[in-house]
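Asks: One structure is given below, represented as structure tokens, and several questions about it will come after.
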Amino acid sequence: MKIISCLFSRFPISSRFICGVVIPILILFLCGYLYLRQSLPSVNGQIFVKGLHKNVTIERDKYGIPHIKASTDTDAFFALGYVHAQDRLWQMEVNRRLSSGRLSEIIGEKAITLDKYAKILGFSRNADKAWQQLGEREKKALQAYVDGINQWISSETLLPSEFLIFQYKPEPWTVIDSLSWMQLMAWNLGRNYNEELRRLAIANEFGSEALHRFELVSISDDQEKLQSLSQSHDVTILASLQRQFASVANLDGQQIGSNNWVVSGKYTQSGKPLLSSDPHFQTSSPVLLYLASIQGDKINATGSTFPGLPFIAIGRNQSIAWGTTNMVADVQDVAILKTLPVDTDLYEIDGSYQRMEKHKETINIRNNVLKKSIPPITFYARSTLYGPVISDATNGLTKNQYSIQWVGQQGIAASFTSLLNLNYASNWDEFLQSFEKYEAPAQNYIYADIEGNIGFISPGKIPIRNTGDGSLPVAGWQSKYKWNRFIPFKELPQEFNPARGYITTANNDVTPEGYPYNITHDWEPSYRVNRISSLLESLLNKGHIKIEDMVKIQSDTTDLHTQKVLPLLLKLTANSDRQQQALEYLHHWDSNYSGDSVAATIYQSWIASFYRMMIENSLAQYSGNRSATSLLTKNFKPDLLLRMLKQPDTYCRQPNRKDTEIQDCKNMLSISLDNALDELSTIIGSNMKAWKWGEIHIAHYPHFPFSSPKYSKLIPPTIDNPLSFIYHRKINSSGSQFSINVAPPDFNNQETPFIQLIGAAYRQINDLNDKKQDVFILSTGQSGNVLSQHYDDQMKMYKNMEYISMFNEKPVATLILTPVEK
């Protein structure tokens, strides 16, 4: 007491402030923390539940990964739903509301446009149809899973903090919620309509010659009639809407793709195949995927799941393993409509007019911060012969109306059945049979089995177009653009036990030479797949490939595109000491984007500056809206960069341009390098030695909706994000756009151009000789509850290329679900 009295006498104002303000605030925070800790799920003990047939044991390891052991498959699915709800309920809630067009009910009026978009696309309506089309086994599995979710929702456990902040309790989950979410994922993983509109807008603004020069796309006579109809203004609005929609679902980004490869047992140390897979998604807290092991009377599968769905999406069972990459197939076409001015519900088809189908929809909106009531919005979701009229989702477009044709708009029952069957497949024939009726999204599935076989199939419903190649929008007043044929399943790209001893895909062109069908104009460049193949070839020559070799490949940060570009940049002769120092770093660089590389930082800033300058310079020779240059500058094309460096006269010489300072490409290289060095000096400081890639290239994991807008500009913040420091995560990164360990900088974000917002969400390596050798890792953690130790406990392991051996981890918690006696 004497000490306290002495402090009060010596520091009266400070002492009173500490006692009267600081200590009460700390006590308040401590009480709040202890209260919110109650939202963490029970992982030990026994809980009596409705809906089970027999006891289910859920063992969790030190990473919070559940290992479900049940007597029946339906009980196993019930338990999976239960643990998904325990760990990811807020994420699941956002995803189901996004897919059903009900986000405004919790977020408020900021989400109205997103809800309108979802209702126009009709995910919930399509999910209703899909539920009716499912077989009895599929219905039982999904219903059991949904019952497990609802068991957790109906418990008296305190909900995660996001629910408390928004002051509401979630409604019971439904089978329609799961199927709607699955269709939304298929939509976002199969979308390319923004590219079609962007290309047509380039032709409209700058002419068809510019379109061919920059995009290598030619415009047909029919499409020339569309040029005047597609405005860059429309493209900007629709692209922003789609990106915002995808961003909330953590499915945005041009580089969303993946890597996978499988090696024959002829070349492995174990004598059985090794399989690797790492899907790439938008970075987020929590990550999109969730690890689990499910064991019932027939199912016995382990790997990654999507919360909201009852199966292992990427993983293995007792007999086979599988991994996937996005095929990037073109399964969307935009149709530009001609409607009657006096009645825009009538649209022209082959010289006559048809009336659009209309579905009445209502959007309920949460009161604003002043508790002012906002009336519901009622509108009609319209559709044509081609599909939903997406232009109805937003205001501010020109007079044009756009309808979207998409393979998934008839529902996804067949895809659900395929992925459920995949969990049970025990050999190559059953693996193929799983996908015979699969629709969307089109993927590249690699395969390995315990008998030593390897293979791959690219399943999906891919249209055979009557005319055109899908690279540009179509004339919606002609029915010839309506799809009526699809690539037969047996003619989809596939391989089985190839002589070379391995298979790899990385969103590249997977079609064999002479393939008769056009799949897409938008294959990813082959840099990643070529690097994987090169590393595998070198290992095959040595033989005895191990899990550790697969880890090294997944961790590889060498960029083959950089290797092609760098010699062209290094033709520049330095005109200052600063340039000379920068060029010295680049001369001694091996194109490896390690965290301590200074050259990587200089290179990335330089090519971004050069790319923008070259395009702006080149477009000056065309008449057109100068603000429309973003149609090209914000869409980085690696091969265009190479063409601009290799063929400078094609892009740099403009007879009408008076600005002689950047008339010559050598000057442009020099000026763009100076701009890059200025930018880096501003961001990091003038000491070039400190420009390490890992210090400026930071991977951010935004949380919806509490991350700062500068890290997720497309996410509509509900408040000014004072909670970002609690929910948001970040970590130093390595890698680049085209390294195997993919980590693209976000040059479209001018505030923070070097941040990473896309990466591998999950890594998996399987040994078909011994599953105890298998390893897995997530980019963040199992839990979506920010107070859980498992919210981000895998993040540093992921960065350091460490893995979890799920089959060797000892349980640290055991929960028994016991059926309530009837």
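Numbering-wise (our numbering), the sequence shown opens with residue 39 and increments by one.
Every residue gets a Cβ at the ideal spot worked out from N, C-alpha and C, and that includes glycine.
Bear in mind that the values here come from a model prediction, so they are computed numbers and not experimental data.
With a 10 Å radius around its C-beta and 16 neighbouring C-beta atoms as the bar for buried, classify Asp-597 as buried or exposed.
Replies: So Asp-597 counts as buried.
Asks: Expressed to the nearest angstrom, what Euclidean distance is found between the alpha-carbon atoms of Asn-787 and Gly-490?
Replies: The alpha-carbon atoms of Asn-787 and Gly-490 are separated by roughly 47 angstroms.
Asks: Residue ranges of each beta strand (DSSP E) run of no fewer than 3 residues wholly in the region 773 to 803, ordered along the chain?
Replies: Taking only runs of at least 3 residues, the beta strand (DSSP E) segments lying wholly in the region 773 to 803 are 796 to 798.
Asks: Whose CA, out of Thr-505, Phe-201, Gly-581, lies closest to the CA of Ser-517?
Replies: Among Thr-505, Phe-201, Gly-581, the Cα nearest to that of Ser-517 belongs to Thr-505.
Asks: Does the beta-carbon of Phe-454 have 16 or more other beta-carbons within 10 angstroms, so that it is buried, or is it exposed?
Replies: With 16 or more other Cβ atoms within 10 Å, it is buried.
Asks: Excluding the 5 residues preceding and the 5 following Glu-717 in the sequence, name in chain order all residues of the same chain whose CB lies nearer than 6 angstroms to its CB.
Replies: Cβ within range, chain order: Ser-643.
Asks: For the putative contact between Leu-458 and Glu-200, defined by C-beta atoms under 8 angstroms, what is the C-beta separation to the nearest angstrom?
Replies: Not really, about 30 angstroms apart at Cβ, beyond 8 angstroms.
Asks: What runs of the alpha helix (DSSP H), each 4 residues or longer, lie entirely inside the region 75 to 101?
Replies: Fully enclosed alpha helix (DSSP H) runs of 4 or longer: not present.
Asks: Quick check on the DSSP output: what are the complete alpha helix (DSSP H) runs of length 4 or more inside the region 641 to 727, in order along the chain?
Replies: As far as the region 641 to 727 is concerned, its whole alpha helix (DSSP H) runs of at least 4 residues are 668 to 671, 676 to 684, 686 to 690, 703 to 722.
Asks: How many Å lie between Ser-572 and Ile-803 at the Cα?
Replies: Approximately 19 angstroms, taken between the alpha carbons.
Asks: Please name the residue in Val-366, Ile-653, Met-844 whose C-alpha comes closest to that of Arg-681.
Replies: When each option's Cα is compared against that of Arg-681, the closest is Ile-653.
Asks: Going along the chain, which residues of its own chain have a beta-carbon closer than 6 angstroms to the beta-carbon of Ser-218, five neighbours each way excluded?
Replies: Contacts found: Ser-137, Ser-138, Phe-161, Ser-162, Ala-165.
Asks: Among Gly-822, Pro-210, Thr-543, Leu-222, whose alpha-carbon lies nearest the alpha-carbon of Gly-30?
Replies: Because the chain spans 39 through 860 in this model, residue 30 falls outside it and cannot be assessed.
Asks: For a quick check, are the C-beta atoms of Tyr-305 and Gly-581 less than 8 angstroms apart?
Replies: Closer than 8 angstroms, so yes.
Asks: Return the CA-CA distance between Tyr-483 and Leu-378, expressed in angstroms with no decimal places.
Replies: Each residue's Cα considered, the two are about 46 angstroms apart.
Asks: Residues in its own chain within less than 7 angstroms of Asp-831 by CB, not counting five upstream and five downstream?
Replies: Taken in chain order, the residues that qualify are Tyr-101, Gly-819.
Asks: Quick one: is Asn-673 buried, meaning 16 or more other Cβ sit within 10 Å of its Cβ, or exposed?
Replies: Buried is the call here.
Asks: Name the two residues that bound the continuous beta strand (DSSP E) containing Ser-331.
Replies: Segment 328 to 333, the beta strand (DSSP E) holding Ser-331.
Asks: Please identify the residue among Asn-93, Lys-810, Asn-355, Thr-321 whose C-alpha is closest to the C-alpha of Ile-337.
Replies: Nearest of Asn-93, Lys-810, Asn-355, Thr-321 to Ile-337, Cα basis: Asn-355.
Asks: Could you check where the alpha helix (DSSP H) with Val-824 kicks off and where it finishes?
Replies: Val-824 -> no alpha helix (DSSP H), and no H or E assigned at all.
Asks: Taking C-alpha atoms, which residue in Pro-413, Ile-500, Gln-532, Asn-433 lies nearest to Leu-470?
Replies: Here the closest residue by C-alpha is Gln-532.
Asks: Whole angstroms is fine: what's the gap from Asn-82's alpha carbon to Trp-128's?
Replies: Rounded to whole angstroms, Asn-82 to Trp-128 spans 22 angstroms at the Cα level.
Asks: Tell me, which residues are paired with Val-369 by DSSP?
Replies: Val-369 pairs with nothing; no bridge assigned.
Asks: Taking the runs of the beta strand (DSSP E) that are 3 residues or longer, which of them lie wholly in the region 443 to 508?
Replies: Complete beta strand (DSSP E) runs here, min 3: 481 to 487, 492 to 495.
Asks: How would you write the range of the alpha helix (DSSP H) that Gly-732 sits in, first residue to last?
Replies: Run containing Gly-732: 731 to 734, per the alpha helix (DSSP H) assignment.
Asks: What does a CB cutoff of less than 6 angstroms around His-105 pick up in its chain, not counting 5 residues either side in sequence?
Replies: Within the same chain, His-105 has close Cβ partners Glu-97, Ser-331.
Asks: Here's the rule I'm using: 16 or more other beta-carbon atoms within 10 Å means buried, otherwise exposed. How should Ile-492 be labelled?
Replies: The residue is buried, with at least 16 neighbouring Cβ atoms inside 10 Å.
Asks: Residues in the same chain with beta-carbon distance under 7 angstroms from Asn-226, minus the five sequence neighbours each way, listed in chain order, please.
Replies: Excluding positions up to five away in sequence, the list reads Ala-284, Ala-287, Leu-289.
Asks: Among Ala-179, Val-813, Ile-401, Pro-782, which one has its Cα closest to the Cα of His-599?
Replies: Nearest of Ala-179, Val-813, Ile-401, Pro-782 to His-599, Cα basis: Pro-782.
Asks: Can you check which of these residues, Asp-634, Leu-715, Leu-577, Thr-667, is closest to Ile-645 by C-alpha distance?
Replies: Considering only alpha carbons, the answer is Leu-715.
Asks: Taking the beta strand (DSSP E) that Gly-361 falls in, what are its first and last residues?
Replies: Residues 358 to 364.
Asks: Leaving out the 5 sequence neighbours to the left and right, which residues in its chain are closer than 8 angstroms to Arg-695 when beta-carbon positions are compared?
Replies: With a pLDDT of 49 at Arg-695, under the threshold of 50, the modelled position of that residue is not reliable, and no figure is offered here.
Asks: Taking DSSP's pairing of strands, which residues face Pro-104 in a bridge?
Replies: Pro-104 is bridged to Arg-98.
Asks: Using a Cβ-Cβ cut-off of 8 angstroms (strictly less than) and excluding sequence neighbours within five positions of Ser-771, which residues of its own chain qualify?
Replies: Excluding residues within five positions, the ones whose Cβ falls inside 8 angstroms are Gly-633, Gly-732, His-735, Ile-736, Ala-737, Ala-781, Gln-794, Gly-797, Lys-837.
Asks: What does DSSP give as the partner residues of Gly-353 in its beta bridges?
Replies: For Gly-353, which the question treats as bridged, DSSP gives the partners Gly-341, Trp-360.
Asks: Roughly how many angstroms separate the alpha carbons of Met-394 and Pro-554, rounded to a whole number?
Replies: Distance between the alpha carbons of Met-394 and Pro-554: 35 angstroms.
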